[in-house]
Amino acid sequence: MEIFKALGAGARFNKKRFADDVKLFEHTPSASAAPVVGNTSELLEEIDFFNNKPAPGTPSRRRHKHRDGEQVDGMEVDGVESDYSEMDAGSVSVEVQPFRTEQEAEDFRAQHRIRVYGTDIPRPFRAFSELEQQFKMERFLLDNLRKLGFKQPTPVQMQCAPITLHGRELMACAPTGSGKTLSFVLPILQDLRHPKKVGCRALIISPTRELAQQMCVQVC
Numbered sequence: 001m002e003i004f005k006a007l008g009a010g011a012r013f014n015k016k017r018f019a020d021d022v023k024l025f026e027h028t029p030s031a032s033a034a035p036v037v038g039n040t041s042e043l044l045e046e047i048d049f050f051n052n053k054p055a056p057g058t059p060s061r062r063r064h065k066h067r068d069g070e071q072v073d074g075m076e077v078d079g080v081e082s083d084y085s086e087m088d089a090g091s092v093s094v095e096v097q098p099f100r101t102e103q104e105a106e107d108f109r110a111q112h113r114i115r116v117y118g119t120d121i122p123r124p125f126r127a128f129s130e131l132e133q134q135f136k137m138e139r140f141l142l143d144n145l146r147k148l149g150f151k152q153p154t155p156v157q158m159q160c161a162p163i164t165l166h167g168r169e170l171m172a173c174a175p176t177g178s179g180k181t182l183s184f185v186l187p188i189l190q191d192l193r194h195p196k197k198v199g200c201r202a203l204i205i206s207p208t209r210e211l212a213q214q215m216c217v218q219v220c
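This is the structure we're talking about:
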């Protein structure tokens, strides 16, 4: 019977002796337990993936408000408010001078929160028109971008497209809705150029059927 007592015995805790420790685990509702809501602007700065917040020191420009459905990475999101300047609202044919030095490219990456790792990384682009100047991108691709409402590339597109167009291997990570699909589909379409009856010419592997269908609708 002694063995059963030993197996069935439990630990004992002296609450009087360790009263101070017990108080730490007791639930005592107080004003400090109420949820604290800080400055929402500070929170928005932390989650500003797409760098919508204007850079400090930049002159203020007249801004437009758009309350209708907005196209985000091929998906329509209703009720999204977007701010864009007159420069961003221009067509894709606006000519932009390429970066003159590597430091300019680094400053541009830092401004748009683009982090790159590797060696001899191609410089990003600022407007879709640069793709025609640097990579001889087909004009009909740029016209289709304009017709579909793509006026200003997103940060992931700015950096990923040049890397892919240079024939480099790439692994990219960006939030949902940041334009990752276009960042690799556009170089693929440029490489294919025109339809040919030669079988499979490009392969896109998707983790889910839904995402594959979504990309098919966007591209085809």
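Counting in UniProt numbering, the sequence shown runs without a single skipped number right up to 220 at its last residue. Glycine residues also receive a C-beta, built at the ideal position from the N, C-alpha and C atoms.
- Cβ-Cβ separation between Pro124 and Ile114: approximately 7 angstroms, consistent with a contact (criterion under 8 angstroms).
- For Pro98, the three-state secondary structure derived from DSSP is coil.
- Closest in C-alpha terms to Ser178, from the list Gln159, Glu106 and Val217, comes Gln159.
- Here Leu148 is exposed: its Cβ has fewer than 16 other Cβ atoms, across all protein chains shown, within 10 Å.
- In the structure shown, Ser183 adopts helical secondary structure according to DSSP, grouped into three states.
- A contact between stretches requires three or more CB pairs, one per stretch, nearer than 8 angstroms, and the segment 127-145 fails this requirement with the segment 169-176.
- Within a 10 Å sphere around the beta-carbon of Leu165 sit 16 or more other beta-carbons, which makes this residue buried.
- Straight through space, the alpha carbons of Ala202 and Lys196 are spaced by roughly 12 angstroms.
- Beta-carbon to beta-carbon, Pro155 and His112 are separated by about 4 angstroms, close enough to satisfy the 8 angstroms threshold.
- Separation of Phe184 and Glu106 (C-alpha to C-alpha, rounded to the nearest whole angstrom) is 22 angstroms.
- With a threshold of 16 other beta carbon atoms within 10 Å, Ala212 falls short and is exposed.
- When the beta-carbon positions are compared, Pro122 and Ala161 stay at least 7 angstroms from each other.
- For Glu132, the enclosing alpha helix (DSSP H) covers residues Ser129 to Phe135.
- Rounded to the nearest whole angstrom, the CA to CA distance from Arg139 to Ala110 is 30 angstroms.
- The alpha-carbon separation between Asp120 and Asp143 amounts to approximately 31 angstroms.
- Look at Lys196 here: in three-state DSSP terms it is coil, with no helix or strand label.
- A buried status is given to Thr181, since no fewer than 16 other beta-carbon atoms sit within 10 Å of its beta-carbon.
- Counting only residues of its own chain and dropping the five nearest sequence neighbours on each side, Gln190 has a CB closer than 6 angstroms to the CB of Met137.
- With a contact defined as Cβ atoms closer than 8 angstroms, Met215 and Ile204 qualify at about 6 angstroms.
- Contact check for Lys15 against Val22 passes: the beta carbons are separated by less than 7 angstroms.
- Rounded to whole angstroms, the separation of the alpha carbons of Val217 and Val96 is 31 angstroms.
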